[in-house]
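Chemist: This structure is in structure tokens; I'll ask about it shortly.
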Amino acid sequence: MSRRRQRQARSSANVPPIMFQRLQNRWSPYEILDPAQLDSLHDASMTILEDIGLDFMDAEALSIWAAAGARVDHKAQHVWIDRGLVAAALTTAPSSFTWRARNPAHDVHIGDNEIAFGPPGGMVYISDLDNGRRPGRMADYENLLRLTQLCPHLHFGPWEQVTAHDIPVNVRHLHRLRAGIQLTDKALMEAAHGRIITADNLAI
Numbered sequence: 214m215s216r217r218r219q220r221q222a223r224s225s226a227n228v229p230p231i232m233f234q235r236l237q238n239r240w241s242p243y244e245i246l247d248p249a250q251l252d253s254l255h256d257a258s259m260t261i262l263e264d265i266g267l268d269f270m271d272a273e274a275l276s277i278w279a280a281a282g283a284r285v286d287h288k289a290q291h292v293w294i295d296r297g298l299v300a301a302a303l304t305t306a307p308s309s310f311t312w313r314a315r316n317p318a319h320d321v322h323i324g325d326n327e328i329a330f331g332p333p334g335g336m337v338y339i340s341d342l343d344n345g346r347r348p349g350r351m352a353d354y355e356n357l358l359r360l361t362q363l364c365p366h367l368h369f370g371p372w373e374q375v376t377a378h379d380i381p382v383n384v385r386h387l388h389r390l391r392a393g394i395q396l397t398d399k400a401l402m403e404a405a406h407g408r409i410i411t412a413d414n415l416a417i
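When you number the sequence shown by this note's numbering, it's gap-free, plus one each residue, and the end is 417.
See below:
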């Protein structure tokens, strides 16, 4: 055996494999704001929802808000949401849940001070040593998914690690999701840009 192979054998033998695992934060969250500041921030956000309101440019969404008790102007497509309605909705949200992956060993638990890491998403350009900086393509997205699958420190895959400029916009989400299903068995995140894309993702 050559000296180089001997060194490689020794180094690989001394490094234990890193396995995919759940991570829990054992320390208390860093308190950036004191309780009074948090209350002030919450009150300001509720004032925006109650007094200024939000636009919802979808007839069904407006009807859902009206049925829930919000004040709705269907013609202006505008909704004002009472803080009591927000508080009631928050009581229905679970404190934790499991984000299912195709491989149960890669399920992600959200809540209970657990930490989940994922790669960044939404990048327009990609850069490597062979081709330099350039607009992303589908092949680049697929390679990033392969790296996500191999990295034990990443718990889930993002919705768009890099934009696939060579795929038409109206079907790009379909190609992304297909690649995610084929190339990783970790939990997947996808875009929710409107009704059609969301419905396609849920159907798949």
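We put the beta carbon where it would ideally sit given N, CA and C, even for glycine.
What residues are listed by DSSP as bridge partners for ALA400?
Modeler: According to DSSP, ALA400 bridges with PHE369.
Chemist: If you draw a straight line from the alpha carbon of THR361 to that of THR397, how long is it in whole angstroms?
Modeler: Answer to the nearest angstrom: the Cα atoms are 8 Å apart.
Chemist: Could you check if ALA274 belongs to the surroundings of the ligand NAD, using beta carbon to heavy atom distance under 7 Å?
Modeler: Questions concerning the ligand NAD fall outside what the structure shown contains, since it holds no ligand whatsoever.
Chemist: Pull the bridge partners of ARG347 from the DSSP assignment, please.
Modeler: ILE339.
Chemist: Residues in its own chain within less than 7 Å of HIS322 by CB, not counting five upstream and five downstream?
Modeler: If we look at HIS322 and ignore the five residues flanking it on each side, its Cβ neighbours are ARG235, SER309, THR311.
Chemist: How far does the alpha helix (DSSP H) with ILE410 in it reach, from first residue to last?
Modeler: Residues 408-416.
Chemist: Tell me whether the beta-carbon of GLY345 lies closer than 8 Å to the beta-carbon of MET336.
Modeler: The answer is no: Cβ separation not under 8 Å.
Chemist: Can you name the start and end residues of the beta strand (DSSP E) that SER309 belongs to?
Modeler: Counting along the chain, the beta strand (DSSP E) containing SER309 begins and ends at 309-312.
Chemist: Quick one: is ARG359 buried, meaning 16 or more other Cβ sit within 10 Å of its Cβ, or exposed?
Modeler: Answer is exposed; the Cβ neighbour count stays below 16.
Chemist: Which residues bound the alpha helix (DSSP H) around TRP293?
Modeler: Premise fails: TRP293 lies in the beta strand (DSSP E), 291-293, not in any alpha helix (DSSP H).
Chemist: Using a Cβ distance threshold of 8 Å, determine whether the stretch 388-408 contacts the stretch 319-334, with at least three qualifying pairs required.
Modeler: The stretch 388-408 vs the stretch 319-334: in contact.
Chemist: In angstroms, rounded to a whole number, what distance separates the CA positions of GLN290 and ALA302?
Modeler: Going by the C-alpha atoms only, they are around 22 Å apart.
Chemist: Just verifying my parser: in three-state terms, what is the DSSP assignment at HIS287?
Modeler: In this structure, HIS287 counts as coil in the three-state DSSP scheme.
Chemist: Over what stretch of residues does the beta strand (DSSP E) that includes VAL159 continue unbroken?
Modeler: With the chain running from 214 to 417 in the structure shown, residue 159 is simply not present.
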